[in-house]
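Single-structure report; data block below.
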Amino acid sequence: AFSRNMSRWLYFFSTVAVVVLSMAYNQTNEPVPVNKDVFNSTPTSRTNTTGNRSTSTLQLVIVFSRHGSRGPEFTYPTSPYQPQDTTYWPNGWGELTEKGHLQMYTLGKKFRSLYDGFLEESYSPK
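Numbering (mature numbering (1 follows the signal peptide of the UniProt record, and there is no 0)), first residue to last: -24 to -1, 1 to 102.
Here is the structure:
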């Protein structure tokens, strides 16, 4: 019950955050590009008011993602799959499984391919 309520609250707050950020972003009076070549930084659009030296930049990306597959966080006392059994949960109780690690890696590769050209070759926290 706790996990379900927490998921509902997380969904609610995530939705509110997206709505608030969308409203704030739309209040900037920036023109919304309609042509597909907007991310190819060489041509300038008719709505460009900053001159011909400006380039397209990524302004904002909001990504909501759920974690990959992971082991359970609780079980019933007579379950054959107990938390201390590293045969079933080699990464720990409630942690990502091997499949979960692969799912998150694949998702990261997908995001990298979606934003190719906007991201550096390798990630470096600054």
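Beta carbons are placed, not taken as given, at the ideal position from N, Cα and C, and that holds for glycine.
Being a predicted model, the structure only gives us computed values, none of them experimental.
Taking C-beta atoms under 8 Å as the contact rule, Gly76 and Gly44 qualify, at a distance of about 3 Å.
Taking the Cα of Leu34 as reference, the smallest distance to any Cα among Glu71, Phe94, Tyr99 and Thr63 is reached at Phe94.
In the same chain as Lys85, and ignoring 5 residues on each side of it, no C-beta atom comes closer than 8 Å to its own.
Within the same chain, Gly70, Glu71, Leu72, Thr73 and Gly76 come within 7 Å of Arg46 by CB-CB distance, once the 5 residues on both sides are set aside. For the options Val(-9), Met(-2) and Arg42, the alpha carbon positioned closest to that of Gln79 is the one of Arg42. For Tyr81, the enclosing alpha helix (DSSP H) has its first and last residue at Glu74 to Leu90. Annotation for Leu(-4): Leu36 and Ile38 place their beta carbon closer than 8 Å to its own, counting only its chain and skipping 5 residues before and after. Arg(-17) carries a helical assignment under DSSP once its states are collapsed to helix, strand and coil. Between Ser(-11) and Phe40, the C-beta spacing is below 7 Å. Going by C-alpha positions, Met(-2) is about 21 Å away from Trp(-16).
Cα atoms of Glu96 and Val(-6): separation of roughly 29 Å, rounded to the nearest angstrom.
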